[in-house]
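S.K.: Our numbering numbers the first residue of the sequence shown as 152 and each following residue consecutively.
All residues carry an ideal CB built from backbone N, CA and C; glycine is no exception.
Owing to the predicted nature of the structure, the values given are computational and were not obtained by experimental measurement.
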Amino acid sequence: MVVRHYGLRACAAMLLAAFVLGAGLGCAKKSLAEKAAESTEFKITGTVTYTRVPMHYDANGVPTGLETDPALFTTVPARGLKVRVFQVRKETLPDYTVKNVWTLVAQATTSSTGLYTATLGVLKDYLTFVEVEGQMTQPTTPASTVTLGADPDGIYSTKQIIDRPVYVIRKSIDGSTSTTNATPAAVGTADVVVNFDIGLNDPWMVVLPTWWVPYESSFPFPETVAAGSRIPAILDTFYEFNNNIGNAVPSSTETELTMHYRPGLSTRRGTFVEWRPTLLPKSFDGSTYRYMGSICGGGTIDGVPQPDDAYDLATLYALMGRNAILGQGKTNILPTGVPATSLAPDLALVEGFGDAIAVTLLERPYLPSATGSNRYATVRDVRDLSGLTASQIGPFSAPAITALTWELALINGGIASPGSTANWGNMTALNFTRMYSGNYPTMTSGTSTVSTDVTSIYTQLARLQEDKTSSDNSDLKTFFGDGVLTPLCARFNIPWTTDDDAILPKYTVNWGSDIDSLATPLPSFTLSMSAAAKIKRYFLDESNVEQVADYYPNNSRGEVLYARSAWSLDRSYNFRVTTVPALPAGASIEVVIDGDIANAYLFPSGTATVYTLAVKGNPADLTTPNWHRFRVRMLSPTTLVSDTQVTIHLDKVN
152 MVVRHYGLRA CAAMLLAAFV LGAGLGCAKK SLAEKAAEST EFKITGTVTY TRVPMHYDAN
212 GVPTGLETDP ALFTTVPARG LKVRVFQVRK ETLPDYTVKN VWTLVAQATT SSTGLYTATL
272 GVLKDYLTFV EVEGQMTQPT TPASTVTLGA DPDGIYSTKQ IIDRPVYVIR KSIDGSTSTT
332 NATPAAVGTA DVVVNFDIGL NDPWMVVLPT WWVPYESSFP FPETVAAGSR IPAILDTFYE
392 FNNNIGNAVP SSTETELTMH YRPGLSTRRG TFVEWRPTLL PKSFDGSTYR YMGSICGGGT
452 IDGVPQPDDA YDLATLYALM GRNAILGQGK TNILPTGVPA TSLAPDLALV EGFGDAIAVT
512 LLERPYLPSA TGSNRYATVR DVRDLSGLTA SQIGPFSAPA ITALTWELAL INGGIASPGS
572 TANWGNMTAL NFTRMYSGNY PTMTSGTSTV STDVTSIYTQ LARLQEDKTS SDNSDLKTFF
632 GDGVLTPLCA RFNIPWTTDD DAILPKYTVN WGSDIDSLAT PLPSFTLSMS AAAKIKRYFL
692 DESNVEQVAD YYPNNSRGEV LYARSAWSLD RSYNFRVTTV PALPAGASIE VVIDGDIANA
752 YLFPSGTATV YTLAVKGNPA DLTTPNWHRF RVRMLSPTTL VSDTQVTIHL DKVN
């Protein structure tokens with residue numbers, strides 16, 4: 152029997168009720184079932200802690216790298232970790248022989264104090280051991296899991312995701328460990344406490360995450376990795392982010408994220424999440440593609456020392472910040488992790504807010520910017536935009552959005568800008584979760600509410616002036632009236648007037664209703680790569696070796712157009728695209744409808760591609776048409792395409 156962690160609170164409530172009832176009646180008799188449970192089950196409790204290596208700061212509060220003085224290391228709870236209990240049980244094999252097997256009998260999750268409890272299904276008089284696994288469950292909805300993959304080949308392993316090993320530490324219920332016995336155990340006879348205090352370089356076993364373990368004296372001892380407290384440190388950072396900001400994985404529904412980490416192993420791409428899982432075929436688990444990522448573990452690449460990011464809050468928070476914004480599903484251009492200055496308006500939020508979340512959580516305006524083993528040899532002060540031109544500062548600029556958000560956090564914390572280390576701690580990142588929650592501008596159409604524009608910095612600033620709700624940690628409206636926002640936003644070339652104006656459509660073209668290009672052609676528009684800039688792209692070659700090349704990510708504001716249209720009737724179309732001039736080889740036009748990036752329509756150069764497109768209207772209520780959103784994008788990763796006139800054709804068939 153497996154006990155899921157979410158049942159522990161209910162179990163505690165029932166135990167309390169039973170105690171109160173017993174105290175009131177005094178002579179109440181126990182049932183046969185209760186007596187049987189007392190005689191057969193015992194309880195395992197304990198606390199999981201680990202050694203945390205903090206960041207070192209100079210006298211001005213600037214981070215310089217990880218602390219090296221052991222006296223400043225701290226012991227903290229390992230929160231949200233999976234704890235499993237195994238006992239030897241008899242298993243009937245297909246040939247009807249009976250064999251002893253280590254069977255998973257109970258499971259728990261460590262609390263905010265590192266405490267765990269396992270009782271139901273844990274029987275007396277059986278050999279028993281306790282296992283802590285390198286997996287964290289988010290404490291808030293969605294209860295997604297983050298697992299640290301232990302595969303020696305990292306994220307680019309040739310094994311499928313379900314066949315990749317994880318990290319575990321095992322202890323007998325008598326508290327002992329072993330370097331030769333993979334399943335150290337003792338017979339359980341009474342309630343016990345089994346604590347785990349994970350040191351800097353303690354060994355973790357590398358095993359497959361199964362619900363049973365062979366019970367054989369010749370069972371080989373698995374590989375061990377001296378990852379020590381790095382494993383819980385990474386997972387606890389995800390826990391802390393979720394506890395303060397929200398979802399740390401790039402999905403709005405409960406899912407699994409596997410981050411690969413091995414001391415001494417890094418990738419050229421660094422610490423990252425692959426936000427398009429289908430690009431990694433090995434992420435398929437038999438039913439879906441899981442999100443996967445990698446965390447730098449040091450080592451060298453091409454002779455260059457790499458950082459170990461296990462304790463690096465800034466690097467991990469910036470990654471999770473992008474996960475959180477992207478995972479809401481309100482943007483449909485994937486981030487690159489590069490805070491560029493001329494991005495599509497919704498992508499500017501992902502990149503800008505990603506870094507803003509990091510610095511407000513850290514309560515310091517610095518992010519690492521160096522290459523090599525110490526990311527903090529140089530740092531980026533997010534407040535400093537002096538290296539940008541006026542045209543690079545505005546609503547499409549990720550650095551501008553980050554700097555603006557920092558100033559908002561100062562105001563909310565009652566801190567006069569620029570503040571200092573003495574009072575930056577008064578800001579509270581949790582107060583801005585509403586602003587980080589993407590919001591489409593909307594209008595009423597008949598009896599329904601429909602979106603009128605993409606999310607942008609304007610839609611999110613408008614959220615600062617919403618009335619406080621029970622889920623808000625701060626009454627933001629009292630801090631950010633128009634008299635505050637207007638001059639502040641002007642410093643970042645983001646004109647502000649009122650919240651009513653902010654939610655008016657700014658970046659989405661209205662194509663009207665019940666389109667038929669044969670009768671009334673849609674207006675042409677221009678896609679421009681004038682602001683495009685190459686960045687690094689990482690990919691696997693045919694030998695499964697990571698390679699790097701420069702490419703255009705095609706995410707600048709001139710390369711993207713947003714449009715919307717209404718349909719009262721169901722329609723079928725011949726769907727095509729024409730351009731003037733013709734696209735060069737390797738370029739194409741991509742059209743995404745209703746945010747479905749997994750099923751984009753691609754119109755490559757040199758072809759006359761035509762799709763059959765069925766569009767749903769609402770014939771049952773012609774006063775409430777169905778609105779559909781279009782995102783049209785230039786795709787040209789290797790060639791800088793001249794300004795191109797694009798026309799969308801929706802030629803009605805019926």
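Which first and last residues belong to the beta strand (DSSP E) in which ASN251 is found?
M.R.: As a first step, residue 251 must be located in the sequence shown, where it is residue number 100. Note, ASN251: beta strand (DSSP E), 249-260.
S.K.: Do VAL199 and THR261 have their C-beta atoms within less than 8 Å of each other?
M.R.: Here residue 199 is taken as the residue at index 48 of the sequence shown, counted from 1. Here residue 261 is taken as the residue at index 110 of the sequence shown, counted from 1. A contact, by the Cβ cut-off of 8 Å.
S.K.: Would you tell me roughly how many angstroms separate the C-alpha atoms of THR196 and SER548, rounded to the nearest one?
M.R.: To locate residue 196, count along the sequence shown from 1; it is residue 45. To locate residue 548, count along the sequence shown from 1; it is residue 397. Approximately 51 Å between the Cα atoms of the pair.
S.K.: Is PHE193 near the ligand MN, going by C-beta to nearest heavy atom under 7 Å?
M.R.: With respect to the ligand MN, the structure shown offers nothing to examine, as it has no ligands at all.
S.K.: Does the beta carbon of GLU391 sit closer than 8 Å to a beta carbon anywhere in chain D?
M.R.: Annotation note: the requested chain D is absent from the structure, which comprises a single protein chain.
S.K.: Taking just the CA atoms, how far does ILE382 sit from THR291?
M.R.: In the sequence shown, residue 291 corresponds to position 140, counting from 1. In the sequence shown, residue 382 corresponds to position 231, counting from 1. The straight-line gap from Cα to Cα measures roughly 21 Å.
S.K.: At which residues does the alpha helix (DSSP H) containing TYR609 begin and terminate?
M.R.: Locating residue 609 in the sequence shown gives position 458, counting from the first residue. That run of the alpha helix (DSSP H) goes 608-613.
S.K.: With distances taken Cα to Cα, identify the nearest neighbour of LEU359 among ASN352, GLU693, GLY285 and ASN395.
M.R.: Here residue 359 refers to the residue found at position 208 of the sequence shown. The shortest C-alpha to C-alpha distance from LEU359 to any of ASN352, GLU693, GLY285 and ASN395 is the one to GLY285.
S.K.: Report the three-state DSSP secondary structure of GLY538 (helix, strand or coil).
M.R.: Numbered from 1 along the sequence shown, position 387 holds the residue referred to as residue 538. GLY538 falls in the coil class under three-state DSSP.
S.K.: Tell me, please, which residues DSSP counts as bridged to LYS687.
M.R.: Numbered from 1 along the sequence shown, position 536 holds the residue referred to as residue 687. DSSP output for LYS687 lists ASP701 as bridge partner(s).
S.K.: Please state whether DSSP places MET471 in a helix, a strand or coil.
M.R.: By one-based count along the sequence shown, residue 471 stands at place 320. The answer is helix: DSSP assigns MET471 an H, G or I state.
S.K.: Taking the alpha-carbon of TRP426 as reference, which of GLY339, TYR440, PRO303 and GLY265 has the nearest alpha-carbon?
M.R.: The sequence position of residue 426 within the sequence shown is 275, counting from 1. Of the listed residues, the one whose Cα sits closest to TRP426 is TYR440.
S.K.: Is the Cβ-Cβ distance between TYR713 and ARG782 less than 8 Å?
M.R.: On the sequence shown, residue 713 is found 562 positions in, with the first residue counted as 1. On the sequence shown, residue 782 is found 631 positions in, with the first residue counted as 1. Yes, the pair counts as a contact, with Cβ atoms nearer than the cut-off.
S.K.: Contact between the stretch 576-596 and the stretch 609-625: three or more CB pairs below 8 Å?
M.R.: yes
S.K.: Do VAL605 and TYR658 come within 8 Å of each other at the CB atom, strictly closer than that value?
M.R.: Position 507 of the sequence shown holds residue 658. Position 454 of the sequence shown holds residue 605. In this structure, VAL605 lies closer than 8 Å to TYR658 by Cβ.
S.K.: Kindly indicate which three-state DSSP category PHE583 falls into: helix, strand or coil?
M.R.: Counting from 1 along the sequence shown, the entry for residue 583 is found at position 432. Three-state DSSP puts PHE583 in a helix.
S.K.: So the alpha helix (DSSP H) GLY503 belongs to, where does it begin and stop?
M.R.: Locating residue 503 in the sequence shown gives position 352, counting from the first residue. Start and end: 496-513.
S.K.: Taking the alpha helix (DSSP H) that GLU284 falls in, what are its first and last residues?
M.R.: If you number the sequence shown from 1, residue 284 lands on position 133. Unbroken run through GLU284 is the beta strand (DSSP E), 278-288; no alpha helix (DSSP H).
S.K.: Starting from ARG149, trace the beta strand (DSSP E) both ways and give me its first and last residue.
M.R.: Shown here, the chain extends from 152 to 805; a query on residue 149 therefore has no answer.
S.K.: For LYS322, count neighbouring Cβ atoms within 10 angstroms of its own Cβ and tell me buried if that reaches 16, exposed if not.
M.R.: Walking along the sequence shown from the start, residue 322 turns up at place 171. With 16 or more Cβ atoms within 10 Å of its Cβ, LYS322 is classed as buried.
S.K.: Can you have a look at ASP220 and say buried or exposed, based on whether 16 or more other CB atoms are within 10 angstroms of its CB?
M.R.: As a working note, residue 220 is residue 69 in the sequence shown. Answer is exposed; the Cβ neighbour count stays below 16.
S.K.: Does ASN750 pass the burial test, meaning 16 or more other C-beta atoms within 10 Å, or should it be called exposed?
M.R.: Here residue 750 corresponds to residue number 599 of the sequence shown, with the count starting at 1. Exposed, because fewer than 16 other Cβ atoms sit within 10 Å of the Cβ of ASN750.
S.K.: Only counting the same chain, and skipping five residues up and downstream in sequence, which positions put a Cβ closer than 8 Å to that of THR598?
M.R.: For this step, residue 598 is matched to residue 447 along the sequence shown. Closer than 8 Å at Cβ, skipping near neighbours: ASP772, THR774 and THR775.
S.K.: How many Å lie between ARG315 and GLY300 at the Cα?
M.R.: The sequence position of residue 315 within the sequence shown is 164, counting from 1. The sequence position of residue 300 within the sequence shown is 149, counting from 1. So the alpha carbons of these two residues sit roughly 7 Å apart.
S.K.: Return the residue from the list GLN611, SER694, ALA670 and LEU669 that minimises the CA-CA distance to THR649.
M.R.: Here residue 649 corresponds to residue number 498 of the sequence shown, with the count starting at 1. Checked all of GLN611, SER694, ALA670 and LEU669; the closest Cα to THR649 is GLN611.
S.K.: Along the chain, which unbroken stretches of the beta strand (DSSP E) at least 3 residues long are found entirely within the stretch 738-770?
M.R.: 739-744, 752-755 and 762-766
S.K.: Assuming ALA717 is part of the beta strand (DSSP E), what are its boundary residues?
M.R.: Counting from one through the sequence shown, the residue named residue 717 turns up at place 566. That run of the beta strand (DSSP E) goes 711-718.
S.K.: Does the stretch 730-738 come within contact of the stretch 524-542, defined as at least 3 CB pairs closer than 8 Å?
M.R.: no
S.K.: Please list the terminal residues of the continuous alpha helix (DSSP H) segment that includes ASN394.
M.R.: Taking the sequence shown and counting its residues from 1, the one referred to as residue 394 is at position 243. Taken as a continuous stretch (DSSP letters only), the alpha helix (DSSP H) holding ASN394 covers 381-395.
S.K.: Quick check: what's the CA-CA separation for ASN695 versus ARG688?
M.R.: By one-based count along the sequence shown, residue 695 stands at place 544. By one-based count along the sequence shown, residue 688 stands at place 537. Rounded to the nearest angstrom, the two C-alpha atoms are 15 Å apart.
S.K.: What are the start and end residues of the alpha helix (DSSP H) that includes GLY450?
M.R.: Taking the first residue of the sequence shown as position 1, residue 450 is located at position 299. Unbroken run through GLY450: none, as it is neither H nor E.
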